[in-house]
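Asks: Note that the numbering used here has the sequence shown beginning at 978, numbered continuously upward.
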Amino acid sequence: MTTPDLFDAGTDPAAAAPLALEPGASVLRGFALPQAPALRRDLEHVIAAAPLRHLVTPGGKTMSVAMTNCGTLGWVSDRSGYRYTSRDPLSHRPWPAMPDSFRTLARAAAERAGFAGFAPDACLVNRYAPGARLTLHQDRDERRFGDPIVSVSLGLPAVFLWGGPRRADRTRRVPLAHGDVVVWGGPARLHFHGVMPLAPGEHPFMGACRINLTFRRAG
Ligand code: MD6
Ligand code: FE
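1. For the stretch 1106-1121 against the stretch 1166-1175, are there 3 or more C-beta pairs whose distance is under 8 Å?
2. Go through its chain and collect everything with a Cβ distance to T980's Cβ below 6 Å, but skip five positions before and after it.
3. Assuming L1082 and A1009 are in contact, meaning their beta carbons sit under 8 Å apart, how far apart are those beta carbons, in whole angstroms?
4. Could you give the distance in angstroms between the alpha-carbon of F1182 and the alpha-carbon of G1007?
5. Is V1136 a contact residue of the ligand MD6, with contact defined as CB to any heavy atom under 7 Å?
6. Can you tell me whether H1114 sits near the ligand FE, meaning its C-beta is under 7 Å from at least one heavy atom of the ligand?
7. CB-CB under 8 Å to A1185, same chain, minus the five flanking residues each way: which ones, in chain order?
8. Confirm the yes/no value for this check: CB of S1128, any heavy atom of the ligand MD6, distance under 7 Å.
9. Quick one: residues in its chain with C-beta nearer than 7 Å to the C-beta of S1078, no 5 flanking neighbours on either side, listed in chain order?
10. Can you name the start and end residues of the alpha helix (DSSP H) that D1019 belongs to?
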């Protein structure tokens, strides 16, 4: 007989059963909580080397979310389009290395969600200040879609919009809190998704913002 209490989410977040959004997509509540201090510490170094900045979309709008990257590849946007680059266009230097704490967490979360062997080469860092939002989009600038995406939420809570394979599909609202991890791949890999405008607030651990780390295998 196993003892369910030993695997209670309150004592071991990594053991919590994933909440299935639909086939291929799951939410791991609190999965990143034990690693949050290490993630925050390593994030400071990433941001010092490659500052957060507001990118411009191909349509000429400045994004409300501030972004940077770490890893071999980084996602960027400008008037000429969306793409992955191996260098930071601001400094012309390679993106900062992906910290081991990031890589290890992403791999473990993917495995927990049923995608063993995930080896991300790109981590997009998103910082939301109150009011910042991400309109409905697909993640499809990666070379292949065989690998999942792992998305880690830190700081202020947000409402994630989870849609379907077509932009016009109905969306559902998924609240995401500090430490939650969303993993999607397989049949859900190209589903539309977005983030509602961030409500103002002060988070005891991250201050007045939400940080999202999105891991991909891009190259
Ligand atoms: C965010 N995330 O949660 C924005 N994309 O701040 C994304 O756009 C995203 O969370 C692909 C997979 C997971 C994500
Ligand atoms: Fe996305």
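By construction, the Cβ of each residue, glycine as well, lies at the ideal position given by its N, Cα and C atoms. On a predicted model such as this, the values are computed, not experimentally measured, just so you know.
Replies: By the coordinates alone:
1. yes
2. With a pLDDT of 39 at T980, under the threshold of 50, the predicted position of this residue should be treated as unreliable, and no value is reported.
3. 6 Å
4. 14 Å
5. no
6. yes
7. A1106, P1107, L1133, P1177, G1178, E1179
8. yes
9. Q1012, A1015, L1016, D1019
10. 1013-1026
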